[in-house]
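Visitor: Residue numbers (this note's numbering): 19 to 448.
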């Protein structure tokens with residue numbers, strides 16, 4: 019039985035004026051808190067390369083935020099027989115694809131796709147009633163949305179349109195709204211389309227930015243490379259669950275959201291070569307990298323049960339890192355080394371002719387977690403009583419309050435558009 023983690027112990031005062039509502043004019047001018055072995059100093063982010071481990075591998079999340087919020091209006095018959103009048107406003111927030119269930123396939127779909135969505139004013143949307151989509155500027159398109167199935171607090175929504183030359187990604191780009199965080203308490207502005215994307219974002223799918231990466235500029239990346247620090251990338255599409263507060267008194271009773279990760283085989287090989295010097299840009303990269311160990315362990319156990327793998331692609335697609343798997347003994351009864359676990363993934367991908375690992379993770383990193391892959395973390399300042407604050411606490415050996423007290427006392431800006439920190443992992447008993 020796990021020791022309770024009282025979320026009330028991870029609270030701190032965060033005045034509204036300390037939440038950055040807009041980014042700085044220049045991304046890399048943000049402040050940088052530097053934490054190592056209990057010592058705190060500060061600098062500006064454009065100097066972050068000075069504090070990264072020598073000869074390190076910096077890993078960032080290349081996901082790109084999609085314009086996932088759509089506004090529909092019901093059509094009601096006009097009393098005078100003219101064109102239908104505009105009825106109730108219904109907001110549809112696309113969370114993740116269902117059919118096809120691959121992000122890139124779904125975004126490139128033509129004529130139709132199905133997404134898991136949050137629906138605002140859902141009571142006004144009756145049965146199979148189609149909602150007409152808003153017009154695309156400069157293009158003729160008859161498109162509509164159907165509410166197909168209730169999925170707890172969300173819905174399966176089917177989108178259909180009559181032009182096979184237009185993809186769903188183009189529809190979202192044309193009429194969707196970028197979903198900035200709710201705690202900014204403002205509407206999305208045109209500038210957010212640029213400032214709420216990292217400079218290295220390229221794989222569409224997130225509904226929230228991996229905000230630790232928002233501070234990077236090409237100037238910073240060039241400086242990092244000039245110092246002999248290498249970079250690589252992973253993909254984790256950030257879901258709306260990233261904003262869910264912990265509402266249970268014991269954080270262990272909170273349910274983490276599951277997210278799909280994609281990691282190229284070459285990146286895993288790069289990580290193996292640089293073990294002991296891995297730097298994660300943001301908590302999404304952290305969760306992806308740490309999940310790799312448990313994925314490798316599962317693969318090693320599967321391979322141990324079979325004389326050969328052949329071309330069993332389905333096995334890897336079914337691999338899912340559970341929320342509390344890091345705190346449970348492995349099925350085999352033996353702990354696997356980090357290098358061996360990562361090599362098991364590479365061997366699997368080679369055996370099945372795949373170039374990229376695709377899996378799901380629900381991992382919860384909390385105090386008591388044993389880090390296996392990441393040695394440094396670049397991250398922003400997170401909300402009180404959040405799972406991200408639990409992750410930070412685990413990484414710095416419980417010293418999170420010292421860090422946050424310093425940030426509050428030295429005019430650091432908080433949350434998505436706020437300032438940054440680079441944290442070096444506390445020593446652990448391996």
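Glycine included, each C-beta is placed from N, C-alpha and C at the ideal position.
For residue 117, which residues in the same chain have their Cβ closer than 6 Å to its Cβ, ignoring the five residues on either side in sequence?
Guide: Taking the first residue of the chain shown as position 1, residue 117 is located at position 99. Correct list, in chain order: 132.
Visitor: Would you check if there are 3 or more beta carbon pairs closer than 8 Å linking the stretch 57–65 to the stretch 32–49?
Guide: The stretch 57–65 vs the stretch 32–49: in contact.
Visitor: Have a look at the DSSP bridge pairing and note the partners of residue 240.
Guide: By 1-based counting over the chain shown, the position of residue 240 is 222. Paired residue(s): none; residue 240 is not in a bridge.
Visitor: According to DSSP, is residue 34 helix, strand or coil?
Guide: Position 16 of the chain shown, counting from 1, holds the residue named residue 34. Looking at residue 34 - three-state DSSP - the assignment turns out to be helix.
Visitor: Can you tell me whether residue 40 is helix, strand or coil according to DSSP?
Guide: Position 22 of the chain shown holds residue 40. Of the three classes helix, strand and coil, the one that applies to residue 40 here is coil, per DSSP.
Visitor: For residue 165, tell me which candidate among 90, 185, 230 has the shortest Cα-Cα distance.
Guide: Position 147 of the chain shown holds residue 165. Of 90, 185, 230, the residue nearest in Cα terms is 90.
Visitor: Could you check which residue in 167, 442, 357, 343 has the C-alpha nearest to that of residue 394?
Guide: Residue 394 sits at position 376 when you count from the first residue of the chain shown. Cα-wise, what sits closest to residue 394 is 442.
Visitor: In three-state terms, what does DSSP make of residue 233?
Guide: The residue you call residue 233 lines up with position 215 of the chain shown. Of the three classes helix, strand and coil, the one that applies to residue 233 here is helix, per DSSP.
Visitor: Using alpha carbons as the reference points, say which of 362, 78, 22 lies closest to residue 221.
Guide: Against the chain shown, residue 221 aligns to sequence position 203. Per the Cα distances, 78.
Visitor: Using 10 angstroms around the beta-carbon of residue 171, count the other beta-carbons present and answer buried if the total reaches 16, otherwise exposed.
Guide: Within the chain shown, the letter at position 153 stands for residue 171. It is exposed - the Cβ of residue 171 has fewer than 16 other Cβ atoms within 10 Å.
Visitor: Does residue 451 pass the burial test, meaning 16 or more other C-beta atoms within 10 Å, or should it be called exposed?
Guide: Nothing about residue 451 can be reported from this structure: the residues present for the chain run from 19 to 448 only.
Visitor: Can you tell me which residues form a DSSP beta bridge with residue 51?
Guide: Position 33 of the chain shown, counted from the start, is the residue given in the question as residue 51. 60, 439.
Visitor: If you reduce the DSSP assignment to three classes, tell me which class residue 133 lands in.
Guide: Position 115 of the chain shown, counted from the first residue, corresponds to residue 133. Correct three-state label for residue 133: strand.
Visitor: Just curious, the beta strand (DSSP E) that residue 186 is in, first and last residue?
Guide: As a first step, residue 186 is located in the chain shown; it is residue number 168 there, counting from the start. No beta strand (DSSP E) holds residue 186; the alpha helix (DSSP H) holding it covers 186–193.
Visitor: Spatial neighbours of residue 210 within its chain, please: C-beta separation below 8 Å, excluding the five flanking residues on both sides.
Guide: Counting from one through the chain shown, the residue named residue 210 turns up at place 192. Once the five neighbours on either side are set aside, the close Cβ partners of residue 210 are 196, 198.
Visitor: From the DSSP secondary-structure annotation, give me the bridge partner or partners of residue 203.
Guide: Walking along the chain shown from the start, residue 203 turns up at place 185. In the DSSP output, where bridge partners are listed per residue, residue 203 has none listed.
Visitor: Keeping to the same chain, check which residues put their C-beta closer than 8 Å to that of residue 295; ignore five residues upstream and five downstream.
Guide: The residue labelled residue 295 in the question sits at position 277 within the chain shown. Same-chain partners within the cutoff: 71, 72, 73, 74, 75, 393.
Visitor: Any idea what DSSP makes of residue 248, helix, strand or coil?
Guide: As a working mapping, residue 248 is identified with position 230 in the chain shown. Residue 248 falls in the strand class under three-state DSSP.
Visitor: When every heavy atom of the ligand COA is checked, does at least one fall within less than 7 Å of the C-beta of residue 23?
Guide: This structure simply doesn't include the ligand COA, nor any ligand for that matter.
Visitor: So which of 271, 45, 254, 275 has the shortest CA-CA distance to residue 262?
Guide: For the purposes of this step, residue 262 is taken as residue 244 along the chain shown, with counting starting at 1. The option with the nearest alpha carbon to residue 262 is 275.
Visitor: Residue 53: which of 415, 238, 43 sits nearest, CA to CA?
Guide: Indexing the chain shown from 1 puts residue 53 at position 35. The shortest C-alpha separation from residue 53 is found at 415.
Visitor: Applying the 10 Å Cβ sphere with the 16-neighbour rule, what's the burial state of residue 391?
Guide: If you number the chain shown from 1, residue 391 lands on position 373. Its Cβ being crowded by 16 or more others within 10 Å, residue 391 is buried.
Visitor: Please work out which residues of its chain come closer than 6 Å, Cβ to Cβ, to residue 286, disregarding the five sequence neighbours upstream and downstream, and give them in chain order.
Guide: Stepping through the chain shown from its first residue, residue 286 is reached at position 268. For residue 286, where only same-chain residues beyond five positions count, the Cβ hits under 6 Å are 360, 363, 364.
Visitor: Could you say if the stretch 396–410 and the stretch 297–306 meet the contact criterion of at least three C-beta pairs nearer than 8 Å?
Guide: Result yes; three or more Cβ-Cβ pairs closer than 8 Å.
Visitor: DSSP on residue 433, reduced to helix/strand/coil?
Guide: On the chain shown, residue 433 is found 415 positions in, with the first residue counted as 1. In the structure shown, residue 433 sits in coil (DSSP, three-state: anything other than H, G, I, E or B).
Visitor: How many whole angstroms separate the CB atoms of residue 378 and residue 277, which I take to be in contact at a CB cut-off of 8 Å?
Guide: Reading the chain shown from its first residue, position 360 is the one you call residue 378. Reading the chain shown from its first residue, position 259 is the one you call residue 277. Indeed they touch by this definition, with Cβ atoms about 7 Å apart.
Visitor: For residue 196, report the span of its alpha helix (DSSP H) as first-last.
Guide: What you label residue 196 is simply residue 178 of the chain shown in a count that begins at 1. Counting along the chain, residue 196 falls outside any alpha helix (DSSP H), and DSSP gives it neither H nor E.
Visitor: Inspect the CB distances between the stretch 417–437 and the stretch 366–381 and report whether three or more fall short of 8 Å.
Guide: At 8 Å Cβ cutoff, the stretches do not touch.
Visitor: Any idea what DSSP makes of residue 160, helix, strand or coil?
Guide: If you number the chain shown from 1, residue 160 lands on position 142. Coil.
Visitor: Could I get the ranges of all uninterrupted beta strand (DSSP E) runs contained in the stretch 392–430, with 3 residues as the minimum, in chain order?
Guide: You should have 394–398.
Visitor: What number of angstroms, rounded off, separates the C-alpha of residue 386 from the C-alpha of residue 184?
Guide: As a first step, residue 386 is located in the chain shown; it is residue number 368 there, counting from the start. As a first step, residue 184 is located in the chain shown; it is residue number 166 there, counting from the start. Distance between the alpha carbons of residue 386 and residue 184 is about 49 Å.
Visitor: Round the Cβ separation of residue 381 and residue 341 to the nearest angstrom and send it over; I've been treating them as touching at under 8 Å.
Guide: For the purposes of this step, residue 381 is identified with residue 363 of the chain shown, where counting begins at 1. For the purposes of this step, residue 341 is identified with residue 323 of the chain shown, where counting begins at 1. Correct: roughly 7 Å between the Cβ atoms.
Visitor: Ends of the alpha helix (DSSP H) at residue 222?
Guide: By one-based count along the chain shown, residue 222 stands at place 204. Per DSSP, residue 222 belongs to no alpha helix (DSSP H); it is in the beta strand (DSSP E), 221–224.
Visitor: In terms of residue numbering, what span does the alpha helix (DSSP H) encompassing residue 362 cover?
Guide: Start at 1 with the first residue of the chain shown, and residue 362 comes out as number 344. Segment 356–370, the alpha helix (DSSP H) holding residue 362.
Visitor: What is the rounded straight-line gap between the Cα of residue 290 and the Cα of residue 186?
Guide: For the purposes of this step, residue 290 is identified with residue 272 of the chain shown, where counting begins at 1. For the purposes of this step, residue 186 is identified with residue 168 of the chain shown, where counting begins at 1. Approximately 37 Å between the Cα atoms of the pair.
Visitor: How many angstroms separate the CA atom of residue 383 from the CA atom of residue 174?
Guide: Position 365 of the chain shown holds residue 383. Position 156 of the chain shown holds residue 174. Taking the straight line joining both Cα atoms gives about 30 Å.
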